[in-house]
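Report on one structure; see the data block that follows.
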Amino acid sequence: MGLVFEERIKLAVDDAHAAFTHSKVEGLIRRAGLRYPNADLRRVDMLEQRGLDRGVIAQLGTCQFITRHMNVVFQGFTGSGKSYLGSALAKQACQHRYRAHYIRMPDLEETWAAAKDKPAGREKWLRKYSTFTLLVIDEWLLDPPTDDVRSMLLELLERRYDATSTVFCTQYAKKDWHQRLGGGVHADAIMDRIVHNALWIETGDVNMREHTAAAAN
């Protein structure tokens with residue numbers, strides 16, 4: 001028996017909605033600027049030596065940390081998969097229809113330097129980066145920030161605090177952050193807006209680039 005008119009209309013509407021949703025998600029992913037666009041939390045290598053917790057990774061996949069305005073820190077050695085995890089988490093956020101953005105710390109500083117001397121440039125820049133629902137900052141504290149960058153970070157993180165979520169991918173353990181941030185009250189204030197509501201995940205010391213290359217041979 002053929003579908004009645006109302007059922008055909010409902011299927012057409014459902015198909016159109018699914019196509020619209022897919023298109024919107026693809027657009028969010030494209031604009032997120034992911035370092036690894038094909039990254040996927042479901043395909044994270046749970047190699048035992050990495051020490052990653054399947055339950056924690058699965059919980060991240062629900063994006064509940066975003067609704068709770070929590071931060072996430074991926075900390076580990078060079079090549080341990082921090083950038084992949086950051087990209088995968090940003091992509092997952094896009095699939096939940098959140099606006100996400102990935103950027104390396106050196107690039108964040110470069111865009112700030114280019115914007116700050118333009119008319120209203122500082123405010124436009126801060127407004128842009130403070131309104132992403134999820135902001136992934138890779139290579140966090142790779143180089144100690146200048147006084148100007150510290151002031152920018154404090155203002156940016158103040159605007160994002162308790163309103164959005166930020167992911168930090170870094171080689172440095174929490175105990176090293178204060179010194180890397182230059183010490184003093186600016187370092188105190190920046191850390192205060194990150195660490196108290198952050199989920200810390202150690203990515204270990206296994207070089208995943210070497211592991212992946214060896215597995216492919």
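If you number the sequence shown the way UniProt numbering does, the last residue is 217 and the count never jumps.
In this text, a Cβ means the ideal position worked out from N, Cα and C, and glycines have one as well.
Only a predicted model underlies this, so the values are computations on that prediction, with no experimental measurement involved.
(message) In this structure, how does DSSP classify Asp138 when only helix, strand and coil are distinguished?
(response) If DSSP states are grouped into helix, strand and coil, Asp138 belongs with the strands.
(message) Within 8 Å, do at least three Cβ pairs link the stretch 140 to 155 to the stretch 54 to 62?
(response) no
(message) Any contact between the stretch 192 to 206 and the stretch 86 to 98? By contact I mean 3 or more CB pairs, one from each, below 8 Å.
(response) no
(request) May I have the straight-line CA-CA distance separating His69 from Ala100, to the nearest angstrom? (result) 13 Å
(message) What does the alpha-carbon distance come out to for the pair Val23 and Arg30?
(response) For the record, residue 23 in the displayed sequence is Ser; it is not Val. Answer to the nearest angstrom: the Cα atoms are 10 Å apart.
(message) Between the alpha carbons of Phe65 and Pro106, how many angstroms are there, rounded?
(response) 26 Å
(request) Could you say which of Ser130, Glu26, Leu199 and Cys63 lies nearest to Cys169 if we only look at CA atoms? (result) Leu199
(message) Since Ile190 and Leu134 should fall inside the 8 Å C-beta cutoff, what is the C-beta to C-beta distance between them, to a whole number of angstroms?
(response) Not quite, the Cβ-Cβ distance comes to about 19 Å (not below 8 Å), so this is no contact.
(message) Do Leu60 and Val72 count as a contact pair if the criterion is CB distance below 8 Å?
(response) yes
(request) Kindly indicate which three-state DSSP category Arg193 falls into: helix, strand or coil? (result) coil
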